[in-house]
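Following the working numbering, the numbering of the sequence shown begins with 6 at its first residue and continues without gaps.
Following: one structure in structure tokens, then a few remarks.
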Amino acid sequence: MTAHPLHILRHSPATHPSFNCWLRTVGPGQSLLLIEDAVYGLLPDTRSVDALRLLPGSVKLFALENDLLARGLALDDLPGRVMVVDYLRMVELCVEHSKVISW
Numbered sequence: 006m007t008a009h010p011l012h013i014l015r016h017s018p019a020t021h022p023s024f025n026c027w028l029r030t031v032g033p034g035q036s037l038l039l040i041e042d043a044v045y046g047l048l049p050d051t052r053s054v055d056a057l058r059l060l061p062g063s064v065k066l067f068a069l070e071n072d073l074l075a076r077g078l079a080l081d082d083l084p085g086r087v088m089v090v091d092y093l094r095m096v097e098l099c100v101e102h103s104k105v106i107s108w
């Protein structure tokens, strides 16, 4: 189990302040899982994807595949450091981390 928390964001960065709040609190070694409308934060040429690219390499980024596909995001357009996961891996991530913080 990792000592760092897993942050789960579910709201679009364009319409909800949770993404910016998360950016102010994230620390090295922590993980982020984007689900539901939060996957819109991975759209090319947006402030949110630019902010994610600037995070330290120790911050792990994940996105739920079903939500990406349901919203029409092309998996080939995602930043290389984003790991696409299924529901089973999402559950494993929650168990692997010491704490899960939902935004």
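We put the beta carbon where it would ideally sit given N, CA and C, even for glycine.
- Message: Taking the alpha carbon of alanine 8 as the reference point, which residue from Trp108, Thr20, Leu98 has its own alpha carbon closest?
- Response: For the purposes of this step, residue 8 is taken as the residue at position 3 of the sequence shown. Considering only alpha carbons, the answer is Leu98.
- Task: From the DSSP output, read off the bridge partner residues of alanine 68.
- Result: Walking along the sequence shown from the start, residue 68 turns up at place 63. BP columns for alanine 68 point to Leu39, Val89.
- In three-state terms, what does DSSP make of threonine 51? If you number the sequence shown from 1, residue 51 lands on position 46. It is coil, neither helix nor strand.
- Task: Just tell me which of Asp91, Glu101, Leu14 has its CA closest to the CA of glutamate 41.
- Result: Position 36 of the sequence shown holds residue 41. Out of Asp91, Glu101, Leu14, Leu14 has the C-alpha closest to the C-alpha of glutamate 41.
- Task: If I'm right that arginine 58 touches proline 84 with Cβ under 8 Å, what's the distance once you round it to whole angstroms?
- Result: Locating residue 58 in the sequence shown gives position 53, where the first residue counts as 1. Locating residue 84 in the sequence shown gives position 79, where the first residue counts as 1. Right, their Cβ atoms sit about 6 Å apart.
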